[in-house]
Amino acid sequence: MAYAIAVFAAIAAVIIGVSFGSVPIPMSEVAKIFLQSFINAEFGAPIDGATANIVMKIRFPRVALAFFVGASLAICGAAFQGLLKNPLADPYTLGVSSGASFGAVLVIFFGIAFFGPFTLPIFAIIGGFLTILAVILFSRLVKRTLSMETIILTGIILSSFLGSLLSLMVALSGEELREIIHWLLGSVSMRGWGYTLMILPFFIVGSLVLLLNSSELNALSFGEEQAHHLGVNVQRRKVLILIFASVVTGAAVAVSGTIGFVGLVIPHMVRIAFGADHRHLLPLSMLYGGSFLILADLAARTIVAPVELPIGVITAMIGAPVFAAILFRQRKERSV
Amino acid sequence: MLNVEHVSGGYGEQNVIKNVSFSVRRGEFFGVIGPNGSGKTTLLKMMSGVHPVQSGSIALDGRPLHSYTSKERAKVIAVLPQAVEQTYAYTVEEIVALGRYAYQKGLFKTLSEADKILIHEAMKQANVLPFAAKSIESLSGGEKQRVYLAQALAQEPKLLLLDEPTNHLDLAHQKSLLDALRKWTEEKDLTIVAVFHDLNLASLYCDRLLVLHNGMIHSLDAPGSVLREDNLEHVYATKTKRLIHPQRSRPLMTILPHQTRQEREMISFAEIPVEQTEEWIALSFPFPLKTLSSAVLGSGFSWKKHFINRHVDKDYDHQHPEADMQQFLNAHDLAIDDTVAMMTAAMLENYSLRLLDKENFELLVIVTAGVGNAVDASKAAAHRWDEHRIGTINTWIFINGELSEEGFIQAMMTGTEAKAKALFDERIKDPVTNTLATGTSTDSILVSATQRGEAIQYAGTITELGKAIGETVYECTIEAVKKGRQS
Chain A
1 MAYAIAVFAA
11 IAAVIIGVSF
21 GSVPIPMSEV
31 AKIFLQSFIN
41 AEFGAPIDGA
51 TANIVMKIRF
61 PRVALAFFVG
71 ASLAICGAAF
81 QGLLKNPLAD
91 PYTLGVSSGA
101 SFGAVLVIFF
111 GIAFFGPFTL
121 PIFAIIGGFL
131 TILAVILFSR
141 LVKRTLSMET
151 IILTGIILSS
161 FLGSLLSLMV
171 ALSGEELREI
181 IHWLLGSVSM
191 RGWGYTLMIL
201 PFFIVGSLVL
211 LLNSSELNAL
221 SFGEEQAHHL
231 GVNVQRRKVL
241 ILIFASVVTG
251 AAVAVSGTIG
261 FVGLVIPHMV
271 RIAFGADHRH
281 LLPLSMLYGG
291 SFLILADLAA
301 RTIVAPVELP
311 IGVITAMIGA
321 PVFAAILFRQ
331 RKERSV
Chain B
1001 MLNVEHVSGG
1011 YGEQNVIKNV
1021 SFSVRRGEFF
1031 GVIGPNGSGK
1041 TTLLKMMSGV
1051 HPVQSGSIAL
1061 DGRPLHSYTS
1071 KERAKVIAVL
1081 PQAVEQTYAY
1091 TVEEIVALGR
1101 YAYQKGLFKT
1111 LSEADKILIH
1121 EAMKQANVLP
1131 FAAKSIESLS
1141 GGEKQRVYLA
1151 QALAQEPKLL
1161 LLDEPTNHLD
1171 LAHQKSLLDA
1181 LRKWTEEKDL
1191 TIVAVFHDLN
1201 LASLYCDRLL
1211 VLHNGMIHSL
1221 DAPGSVLRED
1231 NLEHVYATKT
1241 KRLIHPQRSR
1251 PLMTILPHQT
1261 RQEREMISFA
1271 EIPVEQTEEW
1281 IALSFPFPLK
1291 TLSSAVLGSG
1301 FSWKKHFINR
1311 HVDKDYDHQH
1321 PEADMQQFLN
1331 AHDLAIDDTV
1341 AMMTAAMLEN
1351 YSLRLLDKEN
1361 FELLVIVTAG
1371 VGNAVDASKA
1381 AAHRWDEHRI
1391 GTINTWIFIN
1401 GELSEEGFIQ
1411 AMMTGTEAKA
1421 KALFDERIKD
1431 PVTNTLATGT
1441 STDSILVSAT
1451 QRGEAIQYAG
1461 TITELGKAIG
1471 ETVYECTIEA
1481 VKKGRQS
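Here it is as structure tokens:
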């Protein structure tokens, strides 16, 4: 039932997302075009070719990319939160997004092309993974118990450091400047199907691995020792989850830049509505995360149209207060 | 079941645990005690495989612990930690279901029907079924702990490791948890290794106790052999006193709080006023005295401030003399817990009192005597239980000094012998057997000591205190008997 609602919400978000824009297209029209293109459904009245083109070549790729990026960030947020038993963890607050950006900017800055079209996501993934390792190792050094605040603080420190390096590279770059800045702010616009296809393999494999580790995430969210007692091979599972969460995050960052707070807000909401069990939290977070980012993107491009806001502005406006609310609740509970 | 051989290990350079060897039998309730930092928790973590062993080996059912896979191990060993970090609002049932993790197969690890039955059963046994659907965050500390106990039970372990399981529990929850654990050792053959802070709980529930001291085994034996004053003073560097449990053959240990100035203040028996009215003879001390008595109220060993010898009518025949006495004390605003109360039909003005001031102690003896009830203890078979005559000798012996427990009993013997001799010399006869009497059938005695001042170990007849008691009780008894005769 929970899934039916989530799937319906996702489809609705896609149709709404495609329907709005500089040239409004009625939702029924959008639905017709989808049905015609996907299952060759026949309709009495022929569909206007230009409209179909806008839908399938411009709007739908953008909406689809928003969905995959949102789903990626949300499932990674849920996984990081379970693994680190820290409700404030998400790719953005942990600095993984910054690390991935840094990796991706290196590719653009130096024009690296080792892995063909997948160079960008692979460097982003490596950047993200190294960042999360650095954050965890450094937090361990500060405080053995990996406390919530220490991890987030470390993530923020590393984020700012990487941010300054990024600024340096932007300052040093000439012609690529605009491309990098635009990309940094986070956006899913004008990417076409190429980008979607670029992240799809990483997204599918990474998400699947994370989904298969749901039970382990449940156990790990009670602490590594407790997970050990319950029979979880803690070291192996931990590394697996960290690597594949980095893969999914890195791929998402590679195509959309740093979009904050999606991984924080969505799992939090899903947990309130459907409970903490990661076996449902992960897939539901994916669906709602995707829908959320489609709508956030819609808001970003329509609120002050024709100017487009960076999508990160919208997610941060919603995410920061949620972050504060979670922090406040945790503090209060612990003081009791 | 569990074999620990020459195990050493710890954090960093220094070994917390040094060359520890022991084995635990199947179905045993095995306790680990020791001071803070002695390595109890580290040892437990080595047994659960969380903490690596530097040298030596731990074997489970004859197989080295490290050769078990994570899941194999979790099917044999379950752990109830002191506290579980919990961040998210899981339901109780979800948490208990995690106990089946090691048994789940397949990619998505769904729960089988058998799993569900076991989860239900575990929740029932740990008594958390009523909140199965509730969020863990809404439960109290004791309830949370029972949830994690249910989780451990759902693992169907053969060995359950517990780290200070009663830490956050109130008295009733401590008992119910430990009772349940011990029941499972009997019924399911569950083996339990538990770290205890509370020596008395460890004593009451464990089959054997291992005492860790600086990471080494100090002693390992049944609680009665391990919990000795000298052992504990060595390990904990604190003086303790061993007590007997009134109902179970397990020792209890107690600490000795440092005495306050008030508790060290000395008194002289001469300052204690003796109040004698028609109704009673009453003595009140400013602080409680350690008292051994056979009184109607306040018998056995206890600490008492007020001492009452109540006069009752010749025809007093109450169904419940204890309840009647309680009512009497209540009517006189005397706290029952602070009071020893006897009764007699003898005329109270005929009491006899002697105060002796010796170098090491003071002795105060008060005797009231009626002898109509006199009995020759050696021929008491001739008496019937329900015969009813009047006459009781109540003997009070107060000592201003610190008397040992054997001293108390010797004082009682000495006093009783002196009384018998007095009756003998007064030619008091048992009216039934017509032989010389040794006492009456309703005599009462109390020995009470301030436990301040000089320590007195013995009170046998030829010790200094014994001599004083013997002579004084003899004189007082004769005087009281004579006064009774004259009146």
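Quick mapping for you: the protein sequence lines, in order, are chains A and B.
Numbered by the numbering used here, the letters in the first sequence go through residues 1 to 336 in order.
Numbered by the numbering used here, the letters in the second sequence go through residues 1001 to 1487 in order.
Every residue, glycine too, gets a C-beta built ideally from N, C-alpha and C.
With a threshold of 6 Å on Cβ separation, who are the neighbours of residue i within its own chain once the five nearest residues in sequence on each side are excluded?
{"i": "Lys1071 (chain B)", "result": "Ala1102"}
{"i": "Val336 (chain A)", "result": "Only weak support is given to the placement of Val336 (chain A): the predicted model assigns it a pLDDT of 37, under 50, and the question is left unresolved by the model."}
{"i": "Thr154 (chain A)", "result": "Val135, Phe138, Ser139"}
{"i": "Thr93 (chain A)", "result": "Ile152, Gly155"}
{"i": "His1306 (chain B)", "result": "Ser1284, Leu1334, Asp1338, Thr1339"}
{"i": "Gly95 (chain A)", "result": "Thr131, Val135, Gly155, Leu158, Ser159"}
Locate the beta strand (DSSP E) running through residue i, then write down its first and last residues.
{"i": "Glu1005 (chain B)", "result": "1002-1009"}
{"i": "Ile136 (chain A)", "result": "Taken as a continuous stretch (DSSP letters only), Ile136 (chain A) belongs to no beta strand (DSSP E), being part of the alpha helix (DSSP H) at 119-142."}
{"i": "Gln1276 (chain B)", "result": "1274-1276"}
{"i": "Val232 (chain A)", "result": "Careful: Val232 (chain A) lies outside any beta strand (DSSP E) and carries neither H nor E."}
{"i": "Ala1369 (chain B)", "result": "1362-1369"}
{"i": "Pro1286 (chain B)", "result": "1280-1293"}
{"i": "Val1032 (chain B)", "result": "1029-1033"}
{"i": "Asn1394 (chain B)", "result": "1393-1400"}
{"i": "Thr1344 (chain B)", "result": "1339-1344"}
{"i": "His1213 (chain B)", "result": "1208-1213"}
{"i": "Lys1134 (chain B)", "result": "No beta strand (DSSP E) contains Lys1134 (chain B), which DSSP labels as neither H nor E."}
{"i": "Ser1023 (chain B)", "result": "1017-1024"}
Please name the residue in the options whose C-alpha comes closest to that of residue i.
{"i": "His1258 (chain B)", "options": "B:Tyr1011, B:Thr1240, B:Asn1231, B:Trp1303", "result": "B:Thr1240"}
{"i": "Ala64 (chain A)", "options": "A:Pro306, A:Leu211, A:Leu298", "result": "A:Leu298"}
{"i": "Glu224 (chain A)", "options": "B:Val1084, B:Ser1444, B:Thr1069", "result": "B:Val1084"}
{"i": "Ala251 (chain A)", "options": "A:Thr302, A:Gly290, A:Ala104, A:Leu133", "result": "A:Ala104"}
{"i": "Val1473 (chain B)", "options": "B:Ala1437, B:Phe1398, B:Val1432", "result": "B:Phe1398"}
{"i": "Leu1356 (chain B)", "options": "B:Ser1140, B:Thr1185, B:Glu1475", "result": "B:Glu1475"}
{"i": "Ser1021 (chain B)", "options": "B:Ile1217, B:Leu1044, B:Pro1165", "result": "B:Ile1217"}
{"i": "Ser221 (chain A)", "options": "A:Ile5, A:Ala89, A:Glu42", "result": "A:Ala89"}
{"i": "Glu1007 (chain B)", "options": "B:Lys1045, B:Ser1294, B:Ala1418, B:Thr1395", "result": "One detail in the question is off: residue 1007 (chain B) reads as Val in this sequence, not Glu. Minimum Cα distance to Val1007 (chain B) is reached at B:Lys1045."}
{"i": "Ser1448 (chain B)", "options": "B:Glu1402, B:Gly1460, B:Val1274", "result": "B:Glu1402"}
{"i": "Val1274 (chain B)", "options": "B:Ile1267, B:His1245, B:Ser1268, B:Ser1284", "result": "B:Ser1284"}
{"i": "His1051 (chain B)", "options": "B:Leu1060, B:Thr1041, B:Ile1336", "result": "B:Thr1041"}
{"i": "Ala1374 (chain B)", "options": "B:Lys1175, B:Leu1227, B:Asn1400, B:Arg1427", "result": "B:Arg1427"}
{"i": "Gly17 (chain A)", "options": "A:Phe38, A:Ile58, A:Trp193, A:Thr258", "result": "A:Ile58"}
Check for me: the alpha helix (DSSP H) holding residue i runs from which residue to which?
{"i": "Ser1444 (chain B)", "result": "Taken as a continuous stretch (DSSP letters only), Ser1444 (chain B) belongs to no alpha helix (DSSP H), being part of the beta strand (DSSP E) at 1444-1449."}
{"i": "Leu1465 (chain B)", "result": "1464-1486"}
{"i": "Ile1409 (chain B)", "result": "1405-1425"}
{"i": "Arg1264 (chain B)", "result": "1261-1264"}
{"i": "Asn1330 (chain B)", "result": "1321-1331"}
{"i": "Asn1231 (chain B)", "result": "1229-1236"}
{"i": "Gly206 (chain A)", "result": "192-212"}
{"i": "Thr302 (chain A)", "result": "278-302"}
{"i": "His268 (chain A)", "result": "262-274"}
{"i": "Lys1429 (chain B)", "result": "Premise fails: Lys1429 (chain B) is in no alpha helix (DSSP H) and is neither H nor E."}
Within its chain, find whatever has a CB closer than 8 Å to the CB of residue i; leave out the 5 residues flanking it on each side and keep chain order.
{"i": "Gly1099 (chain B)", "result": "Ala1078, Ile1119, Ala1122, Ala1150, Gln1151, Ala1152, Leu1153, Ala1154, Gln1155"}
{"i": "Glu1028 (chain B)", "result": "Met1001, Thr1185, Thr1191, Ile1192, Asp1207, Arg1208"}
{"i": "Phe274 (chain A)", "result": "Ala2, His280, Leu281, Leu284"}
{"i": "Leu1080 (chain B)", "result": "Gln1145, Tyr1148, Leu1149, Ala1152, Leu1160, Leu1161, Leu1162, Asp1163, Pro1165"}
So, at 7 Å on beta carbons, what are the nonlocal neighbours of residue i in its own chain, with the 5 sequence-adjacent residues on each side left out?
{"i": "Ile1095 (chain B)", "result": "Ile1136, Val1147, Gln1151"}
{"i": "Ala52 (chain A)", "result": "Ile33"}
{"i": "Ala316 (chain A)", "result": "Gly260, Phe261"}
{"i": "Asp1376 (chain B)", "result": "Asp1430, Thr1433, Thr1435, Leu1436, Ala1437, Thr1438"}
{"i": "Val7 (chain A)", "result": "Leu287"}
Every unbroken alpha helix (DSSP H) inside the segment 1049-1126 of chain B [4 residues or more]: 1070-1076, 1092-1097, 1113-1125
At least three beta-carbon pairs within less than 8 Å, the segment 1451-1471 of chain B to the segment 1326-1342 of chain B: Under the 8 Å Cβ criterion, the segment 1451-1471 of chain B does not count as touching the segment 1326-1342 of chain B, having fewer than three qualifying pairs.
Start-end ranges of the alpha helix (DSSP H) lying completely within the segment 48-82 of chain A, minimum 4 residues: 49-53
At least 3 beta-carbon pairs within less than 8 Å: the segment 225-232 of chain A vs the segment 96-116 of chain A: no
Inter-stretch contact at 8 Å, needing at least 3 Cβ pairs: the segment 1339-1351 of chain B / the segment 1363-1378 of chain B: yes
Minimum length 3: unbroken beta strand (DSSP E) runs contained in the segment 1131-1201 of chain B: 1159-1163, 1191-1195
Validate contact between the segment 115-130 of chain A and the segment 241-250 of chain A using beta carbons, cut 8 Å, 3 pairs: yes
Inter-stretch contact (C-beta, 8 Å, three-pair minimum) for the segment 1215-1230 of chain B and the segment 1247-1263 of chain B: Because the criterion of three Cβ pairs below 8 Å is met, the segment 1215-1230 of chain B and the segment 1247-1263 of chain B touch.
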